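In what follows, a single structure is set out as structure tokens and then discussed.
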């Protein structure tokens, strides 16, 4: 009985001593590292070309982030990005063919994956627009393909110049037209709806001048191609030169006026150029063409006659008679 009481007393004392000790809380700390994310990179649906900067964010605790690319069927390694490069990587899009792609990042800490983050779907287009077709419509003379074949127009100040265009590119975006008669300039064709033409009018075209319209076609990646045409406006008639004249008499007292050198001093200034000459007798209302040679004969009856000459340019402007 005495032993049992002694044991109970010892147990009670031990319990009281434990109750007086300080309480200590122990928490297990697992420390899971978050997966990396894209700080910069392609956006959803973006069409891109050239170099693209990939910035890895959420890098705390990471040793590296592996960058992979998906081509629609297979994931392929691109590179490992680390703090040694400030978590930056400049990816050269020309390393793959044009088409649709997606990036993903996988984080690594002490050889263990911290998880994967998928990037946006994007399109690579490193091909510039090609097969440009650029037409200056309905010129009165020339075709506009070269300076020597400049497309000339005899249009009034309130007239309209029409241009059409086309090009080949998977991701055509918009086109611009520059160096046309002022004032003002045409609006861009696109982006969005593409009309593939401009009908350009300012209400105050000059009576004469030359321009070299430039078509620039852009795709959605910002790549561009250009094509140039050559046009002119000519509403001013040319001036005729000073002819050389002589008269030959025949047996019946009629006379032949012989003339030449109408081109001597003739000019169309900066216009479309002289296409030929015309002559008439004051007694005749009809002008007779004598071609570009500027020489010929005119049969005259006896009496006082006034002979007139004038030049014609390539768009049909007739100069003042002399």
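Residue numbers (the working numbering): 14 to 335.
Using N, Cα and C, we set each Cβ at its ideal position, and we do this for glycine too.
Because the structure is a prediction, the values reported are computed rather than measured.
Work out the CA separation of residue j and residue i for me, nearest whole Å.
i	j	result
residue 159	residue 137	35 Å
residue 293	residue 286	22 Å
residue 239	residue 106	23 Å
residue 324	residue 194	26 Å
residue 295	residue 335	12 Å
residue 272	residue 248	28 Å
residue 299	residue 322	12 Å
residue 37	residue 47	Because residue 37 carries a pLDDT of 28, less than 50, the predicted location of this residue cannot be relied on, and the following value inherits that uncertainty. In a straight line, the C-alpha of residue 37 is about 30 Å away from that of residue 47.
residue 140	residue 109	12 Å
residue 260	residue 317	13 Å
residue 131	residue 115	8 Å
residue 277	residue 253	8 Å
residue 35	residue 118	Because the pLDDT of residue 35 is 35, which lies under 50, any placement of that residue in the model is unreliable, and the number read from its coordinates should be weighed accordingly. Going from the Cα of residue 35 to the Cα of residue 118 covers about 48 Å.
residue 181	residue 197	29 Å
residue 52	residue 73	14 Å
residue 157	residue 151	11 Å
residue 112	residue 84	8 Å
residue 206	residue 279	49 Å
residue 268	residue 311	8 Å
residue 201	residue 187	7 Å
residue 257	residue 284	25 Å
residue 231	residue 178	12 Å
residue 81	residue 133	12 Å
residue 203	residue 183	15 Å
residue 169	residue 104	55 Å
residue 289	residue 199	36 Å
residue 155	residue 175	15 Å
residue 264	residue 309	The predicted model places residue 264 with a pLDDT of 44, which falls under 50 and marks its position as unreliable; any figure quoted below should be read in that light. Between residue 264 and residue 309, the C-alpha separation is close to 20 Å.
residue 250	residue 233	47 Å
residue 313	residue 153	36 Å
residue 192	residue 237	17 Å
residue 242	residue 171	22 Å
residue 210	residue 129	48 Å
residue 255	residue 297	21 Å
residue 45	residue 99	22 Å
When burial is assigned at 16 or more other CB atoms within 10 Å of the CB, is residue i buried or exposed?
i	result
residue 330	buried
residue 212	exposed
residue 220	exposed
residue 57	exposed
residue 127	buried
residue 88	exposed
residue 97	exposed
residue 101	exposed
residue 12	What the structure shows of the chain is the stretch from 14 to 335, and residue 12 is not part of that stretch, so it cannot be assessed.
residue 208	exposed
residue 135	buried
residue 332	buried
residue 235	exposed
residue 54	buried
residue 326	buried
residue 49	buried
residue 304	exposed
residue 71	buried
What whole-angstrom Cβ distance do residue i and residue j have, given they're in contact under 8 Å?
i	j	result
residue 245	residue 165	5 Å
residue 167	residue 328	4 Å
residue 307	residue 275	3 Å
residue 185	residue 142	7 Å
residue 173	residue 214	4 Å
residue 282	residue 291	Their Cβ separation, rounded to whole angstroms, is 19 Å, which puts residue 282 and residue 291 out of contact at 8 Å.
Can you find a heavy atom of the ligand GTP that lies under 7 Å from the Cβ of residue i?
i	result
residue 183	Absent from the structure shown: the ligand GTP. Ligands present: none.
> If we count Cβ pairs, one from each stretch, closer than 8 Å, do we get three or more for the region 121–133 versus the region 60–79?
Replying inline: yes
>> Using a Cβ distance threshold of 8 Å, determine whether the region 144–161 contacts the region 226–241, with at least three qualifying pairs required.
In response: yes
>> In chain order, what are the residue ranges of uninterrupted alpha helix (DSSP H) at least 4 long that sit wholly in the region 242–316?
In response: none
> Considering only residues of the region 207–237, which uninterrupted beta strand (DSSP E) runs meet the minimum length of 3 residues and lie entirely inside it, listed in chain order?
Replying inline: 210–213, 221–224, 227–232
>> Tell me whether the region 63–72 and the region 80–96 touch, counting them as touching only if at least three CB pairs, one residue from each stretch, are closer than 8 Å.
In response: yes
>> Which runs of the beta strand (DSSP E) at least 3 residues long sit entirely within the region 64–144? Give them in chain order.
In response: 64–70, 77–83, 88–94, 101–105, 112–122, 125–137
> Considering only residues of the region 181–205, which uninterrupted beta strand (DSSP E) runs meet the minimum length of 3 residues and lie entirely inside it, listed in chain order?
Replying inline: 185–191
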